[in-house]
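J.:
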Ligand code: NAD
Ligand code: UDP
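So this is what it looks like as structure tokens:
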């Protein structure tokens, strides 16, 4: 059945892949973005589609729209960008959630909140499952994002209990792929861009920190399955790839994938950087019949190709 679907943050990395999939599935998609970290380049190919509509709007301000479903993705996701204006980041999370929940309450739309593994903070339970309440520093430099996302989860549950809004929470673990911004600052894009440019690869700390990396197509499948799950399943549900790698292993894989002559250099670890992270995805497997299919080795190839094309275009002289 054709639905009218709002994607906030729709011009961002994940949002643009989601909009593309939803348009392909025959839905009418409203892509809302303030273009802080998103870009028109990510959605240019959709602009001619009659089912696609672009709205430039900042989600901290209310907006009146008639929709059936809302994916709330608006929020900078890279530490560099969310720490650039931390007050704005927490406002986007809290006021953005209130504004989309307001639309949902009025129109009876379903809302899916793009939450994060950051709600687990620097975890002392490994791998992380949804029952774990986390170990988050409430006053550190990552708190604007971590606590913002935790507050957004709280709002989802309170609107569900108090107002009967159909809400769903997906906790996304590190996801990468084409359409990440060149200047995004997250580890996969940073390392690939550095490797392709022959610059030093900047490993923070001694490289022993771990992350688990999910390819974007797998993640989008999970988000859509979560939105389409039965109404009594609100989550939270972890979505991520349990394959766990140290940051040093990632750097070495990227050097190999890009045939780069770059050298690894070590730089200070930012404060509150979680030491390890791996999702337990048994709930997603049982409740959504979801699991990722793309290994890190496989997913790095199209990601590398994407950045290669972007960097080549940027280098072409003006005619
Ligand atoms: P991204 O930065 O590429 O996308 C975020 C989008 O939100 C951008 O287009 C940006 O311009 C837009 N945006 C930011 N503030 C806004 C505001 N106030 N009003 C309207 N639009 C605004 O990041 P992404 O990786 O695509 O992440 C999308 C969502 O998924 C975010 O909510 C993020 O927290 C969540 N998430 C992503 C990951 C990941 O690894 N990619 C992990 C956990 C959670
Ligand atoms: N990192 C790194 N070099 C970089 C960027 C990030 O070593 O150029 C490390 C960072 O310290 C963290 C991990 O890579 O341990 C993942 O960082 P990212 O910013 O991608 O996401 P996070 O999971 O920390 O939000």
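In the numbering used here, the protein residues as written are 313 to 631.
For each residue, glycine too, the CB sits at the ideal point set by N, CA and C.
#1: My guess is that residue 330 and residue 535 are in contact by the Cβ rule of under 8 Å, so how many angstroms apart are they, rounded?
#2: To which residues of the same chain is residue 586 closer than 6 Å at the C-beta, ignoring the five residues directly before and after it?
#3: If you follow the beta strand (DSSP E) that residue 318 is part of, which residue opens it and which one closes it?
#4: Measuring alpha carbon to alpha carbon, tell me which residue in 424, 464, 517, 492 is nearest residue 478.
#5: For residue 363, which three-state DSSP category applies?
#6: Report yes if the CB atom of residue 576 is closer than 8 Å to the CB atom of residue 515, and no otherwise.
#7: Less than 8 Å between the C-beta atoms of residue 525 and residue 566, yes or no?
#8: Within its chain, find whatever has a CB closer than 6 Å to the CB of residue 465; leave out the 5 residues flanking it on each side and keep chain order.
#9: To the nearest angstrom, how far is it from the Cα of residue 368 to the Cα of residue 323?
#10: List the endpoints of the continuous beta strand (DSSP E) containing residue 421.
#11: DSSP state of residue 412, grouped into three classes?
#12: Would you say the beta carbon of residue 348 is closer than 7 Å to some non-hydrogen atom of the ligand NAD?
#13: From this set, 599, 544, 500, which residue's C-alpha is nearest residue 559's C-alpha?
#14: Residues in the same chain with beta-carbon distance under 6 Å from residue 448, minus the five sequence neighbours each way, listed in chain order, please.
#15: Closer than 7 Å: is that where the CB of residue 515 sits relative to any heavy atom of the ligand UDP?
#16: Drop a sphere of 10 angstroms on the beta-carbon of residue 489, count the other beta-carbons inside from all chains shown, and report buried for 16 or more, exposed for fewer.
#17: According to DSSP, what are the bridge partners of residue 579?
#18: For residue 563, which residues of its own chain have a beta-carbon under 8 Å away from its beta-carbon, when the five flanking residues on both sides are left out?
#19: Can we count residue 391 as close to the ligand UDP, meaning its CB is less than 7 Å from some heavy atom?
#20: Taking only three categories from DSSP, how would you classify residue 584?
T.: The relevant details are as follows:
#1: Residue mapping note: residue 330 aligns to position 18 of the chain shown, counting from 1. Residue mapping note: residue 535 aligns to position 223 of the chain shown, counting from 1. Contact flag correct, Cβ pair sits at about 6 Å.
#2: Position 274 of the chain shown holds residue 586. Here residue 586 has 434 as same chain residues with Cβ atoms under 6 Å from its own Cβ, once five neighbours each way along the sequence are excluded.
#3: Position 6 of the chain shown, counted from the first residue, corresponds to residue 318. Its beta strand (DSSP E) spans residues 316–320.
#4: Residue mapping note: residue 478 aligns to position 166 of the chain shown, counting from 1. When only C-alpha atoms are compared, the closest one is 424.
#5: Walking along the chain shown from the start, residue 363 turns up at place 51. In the structure shown, residue 363 sits in coil (DSSP, three-state: anything other than H, G, I, E or B).
#6: Counted from its first residue, the chain shown places residue 576 at position 264. Counted from its first residue, the chain shown places residue 515 at position 203. Remark: C-beta atoms of residue 576 and residue 515 approach each other more closely than 8 Å.
#7: As a working note, residue 525 is residue 213 in the chain shown. As a working note, residue 566 is residue 254 in the chain shown. In this structure, residue 566 does not lie closer than 8 Å to residue 525 by Cβ.
#8: As a working mapping, residue 465 is identified with position 153 in the chain shown. The residues are 427, 481.
#9: Here residue 368 corresponds to residue number 56 of the chain shown, with the count starting at 1. Here residue 323 corresponds to residue number 11 of the chain shown, with the count starting at 1. Approximately 10 Å between the Cα atoms of the pair.
#10: Along the chain shown, one-based indexing puts residue 421 at 109. Per DSSP, residue 421 belongs to no beta strand (DSSP E) and is neither H nor E.
#11: The residue labelled residue 412 in the question sits at position 100 within the chain shown. Here residue 412 sits in helix by DSSP.
#12: As a first step, residue 348 is located in the chain shown; it is residue number 36 there, counting from the start. Under cutoff, so the answer is yes.
#13: On the chain shown, position 247 is the one that residue 559 refers to. Scanning 599, 544, 500 for the CA closest to the CA of residue 559 turns up 500.
#14: Locating residue 448 in the chain shown gives position 136, counting from the first residue. Its chain contains 433, 458 as the residues whose beta carbon lies nearer than 6 Å to that of residue 448, once the 5 sequence neighbours on both sides are disregarded; these appear in chain order.
#15: Counted from its first residue, the chain shown places residue 515 at position 203. Yes, since a heavy atom of the ligand UDP falls inside the 7 Å radius drawn around the Cβ of residue 515.
#16: By 1-based counting over the chain shown, the position of residue 489 is 177. Burial call: buried.
#17: Numbered from its first residue, the chain shown carries residue 579 at position 267. In the DSSP assignment, residue 579 is bridged to 516.
#18: Taking the first residue of the chain shown as 1, we reach residue 563 at position 251. Excluding residues within five positions, the ones whose Cβ falls inside 8 Å are 503, 513, 515, 519, 576.
#19: Walking along the chain shown from the start, residue 391 turns up at place 79. The answer is yes for residue 391.
#20: The sequence position of residue 584 within the chain shown is 272, counting from 1. Three-state result, residue 584: coil.
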